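K.L.:
Can you keep this structure in mind? I'll have questions shortly.
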RNA sequence: GGAGAGGUGGCUGAGCGGUUGAAAGCACCAGUCUUGAAAACUGGCGAGGAUUCACGUCCUCCGUGGGUUCAAAUCCCACCCUCUCCGCCA
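Numbering (the working numbering), first residue to last: 2 to 425.
Written as structure tokens, this is what we have:
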């Protein structure tokens with residue numbers, strides 16, 4: 002959520018900056034509701050003040066044994082008047098609130114302008130796509146030949162967009178998870194967390210998935226209703242919801258491996274082959290909770306943490322700065338890491354690292370006490386995939402495939418594979 | 001799932017329906033004292049919001065949501081959560 006005061010006082014500037022990301026702010030509705038809100042709030046609070054002082058007077062009169070009937074007569078109509086004023090105020094505030102919740106974050110000044118992903122900016126590249134002296138296969142064929150990837154079985158069990166991994170490939174996925182967690186905890190200073198995979202609606206509101214993106218989520222039946230997490234960002238970031246942290250606790254660096262569940266509504270026909278786009282996939286997530294003045298530095302660090310994983314796995318990739326039209330709803334700036342996939346002859350997203358500045362923190366009411374003035378201030382939140390495990394598995398298989406269809410296991414994974422060097 | 005107890009400020013913990021945003025203690029901050037620290041003493045010390053150039057004034061918040069009342073932390077209802085015991089279970 003954006004700062005309501007910013008919207009109130011700089012409406013046109015806000016609208017202008019949102020235009021850059023393709024969002025048309027309904028300034029007229031906001032102005033109208035805002036002036037209604039102002040009048041109604043002042044009126045309501047006046048009535049409340051009146052009620053309070055008169056009730057107090059009644060209390061005093063009663064205590065001193067005076068006749069309170071005249072005073073009671075005075076307040077006769079007040080209650081109804083107050084109820085009416087409050088009802089219209091609530092109504093206006095709710096409408097204003099809904100409008101505010103639907104406004105995306107402002108892109109940072111450094112975000113390249115652009116309407117869609119074609120205008121994302123390549124920041125840097127690492128590694129050279131391997132030149133195979135044979136026809137490179139994609140992970141689906143590789144996996145099938147190794148008897149390690151069973152997509153038909155998953156259709157029987159669940160439906161499309163699910164996968165069954167068996168034997169060494171299942172183990173390779175586990176190895177990737179362990180390797181990522183170990184790297185982030187040992188080398189990058191993150192605390193490993195285990196978190197719920199089912200969360201309540203408040204948590205999803207806090208990180209911005211609700212109310213706008215309910216269709217992307219799976220939910221449980223019955224009461225209370227739960228949502229399956231679409232990313233560990235949700236439980237990890239919500240750890241600081243409604244908290245006032247000590248300044249010394251910051252920065253908080255948290256990591257967790259979780260499955261992620263996404264309905265992928267609206268992606269029919271996209272990435273239908275293989276593991277790229279699934280309803281259920283594994284991901285290691287990094288989250289940072291930082292002081293506002295350090296969040297841009299933290300974004301660079303966090304992105305580098307994700308890059309480290311790719312580098313150690315010997316996977317060529319490029320870093321893209323998403324343009325204003327392509328960044329997510331809550332983000333002020335996002336770097337996507339795109340890994341080279343020989344099977345597709347393309348770079349594909351494998352990590353997304355974002356600085357949300359105070360956008361999530363405001364919804365979450367996540368604050369820290371600033372020692373400079375002793376006042377609570379909003380923290381800044383960041384997160385990034387470190388990495389999407391399913392896609393990393395795909396990348397390892399495709400980039401490290403050999404002529405005979407075997408997969409070379411990168412050195413850093415071998416300790417997690419009981420010393421095995423090749424899957425064949 | 002059943003029975004009971006309980007949810008008050010950063011923490012502990014008081015609080016007959018009326019002058020309680022909330023006693024007291026701890027913690028914290030500032031000052032006095034001290035070479036310095038500690039102790040002692042003095043003072044300060046919740047969050048959010050409206051309005052104002054500002055000083056200030058006002059409103060809301062005692063798990064959450066309703067209700068009763070001129071007036072609710074205090075009474076009533078529902079729900080949530082925590083703890084104890086029983087049952088079931090990995």
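Ideal Cβ positions, reconstructed from N, Cα and C, are used throughout, including at glycine. On a predicted model such as this, the values are computed, not experimentally measured, just so you know.
Classify residue 318 as helix, strand or coil using the three-state DSSP reduction.
P.N.:
Strand, per DSSP.
K.L.:
Name, in chain order, the residues that DSSP records as bridge partners for residue 287.
P.N.:
Answer is 256 and 385, bridged to residue 287.
K.L.:
Out of 207, 414 and 343, state which residue places its alpha-carbon closest to the alpha-carbon of residue 365.
P.N.:
The shortest C-alpha separation from residue 365 is found at 207.
K.L.:
From what residue to what residue does the alpha helix (DSSP H) around residue 377 run?
P.N.:
Residue 377 -> not in any alpha helix (DSSP H); beta strand (DSSP E) instead, spanning 376–379.
K.L.:
What are the start and end residues of the alpha helix (DSSP H) that includes residue 213?
P.N.:
Counting along the chain, residue 213 falls outside any alpha helix (DSSP H), and DSSP gives it neither H nor E.
K.L.:
Given a cut-off of 8 angstroms, decide if residue 227 and residue 389 are closer than it, judged by their beta-carbon atoms.
P.N.:
For residue 389 and residue 227, no; Cβs fall outside 8 angstroms.
K.L.:
Tell me the rounded alpha-carbon separation between residue 88 and residue 268.
P.N.:
Looking at the two C-alpha atoms, the distance is approximately 42 angstroms.
K.L.:
Residue 1: buried (16+ other C-beta within 10 angstroms of its C-beta) or exposed?
P.N.:
Shown here, the chain extends from 2 to 425; a query on residue 1 therefore has no answer.
K.L.:
Let me know if residue 425 comes out buried or exposed under the rule of 16 or more other beta-carbons within 10 Å of its beta-carbon.
P.N.:
Residue 425 comes out exposed.
K.L.:
Between which two residues does the beta strand (DSSP E) holding residue 124 run?
P.N.:
Per DSSP, residue 124 belongs to the beta strand (DSSP E) from 122–127.
K.L.:
Rounded to the nearest angstrom, how far is the Cβ of residue 232 from that of residue 284, given a contact under 8 angstroms?
P.N.:
That pair is a contact at about 6 angstroms.
K.L.:
Flag this pair as yes or no: are the beta carbons of residue 90 and residue 166 separated by less than 8 angstroms?
P.N.:
In this structure, residue 166 does not lie closer than 8 angstroms to residue 90 by Cβ.
K.L.:
Rounded to whole angstroms, what is the Cα-Cα separation between residue 74 and residue 92?
P.N.:
Answer to the nearest angstrom: the Cα atoms are 30 angstroms apart.
K.L.:
Since residue 54 is in the alpha helix (DSSP H), which residue starts that stretch and which ends it?
P.N.:
Residues 28–64.
K.L.:
How long is the line joining the alpha carbons of residue 32 and residue 14, rounded to whole angstroms?
P.N.:
Between residue 32 and residue 14, the C-alpha separation is close to 14 angstroms.
K.L.:
Residue 334 and residue 108: beta carbons closer than 8 angstroms?
P.N.:
Their beta carbons are under 8 angstroms apart, which means residue 334 touches residue 108 by this criterion.
K.L.:
So the alpha helix (DSSP H) residue 235 belongs to, where does it begin and stop?
P.N.:
Its alpha helix (DSSP H) spans residues 234–239.
K.L.:
Give the DSSP bridge partners of residue 369, in chain order.
P.N.:
Answer is 246 and 378.
K.L.:
Got a sec? Which residues, its chain only, sit under 7 angstroms from residue 181 by beta carbon, not counting five neighbours each side?
P.N.:
Within the same chain, residue 181 has close Cβ partners 285, 310, 387 and 388.
K.L.:
Helix, strand or coil: which one does DSSP assign to residue 93?
P.N.:
Helix, per DSSP.
K.L.:
Given residue 296, which residues of its chain have a CB within under 7 angstroms of its CB, disregarding the five upstream and five downstream residues?
P.N.:
Counting only Cβ-Cβ distances below 7 angstroms, and skipping sequence neighbours, we find 356, 358, 381 and 383.
K.L.:
So what's residue 10 in DSSP terms, helix, strand or just coil?
P.N.:
Three-state result, residue 10: helix.
K.L.:
Using only the alpha-carbon positions, how far apart do residue 81 and residue 17 sit?
P.N.:
Computed Cα separation, rounded: 43 angstroms.
K.L.:
What residues in its chain sit with their C-beta under 7 angstroms from that of residue 428, if we drop five residues either side in the sequence?
P.N.:
Coverage of the chain is limited to positions 2 through 425, which leaves residue 428 absent and any answer about it impossible.
K.L.:
Cα-Cα, which of 247, 212, 67 and 253 is closest to residue 101?
P.N.:
The shortest C-alpha separation from residue 101 is found at 212.
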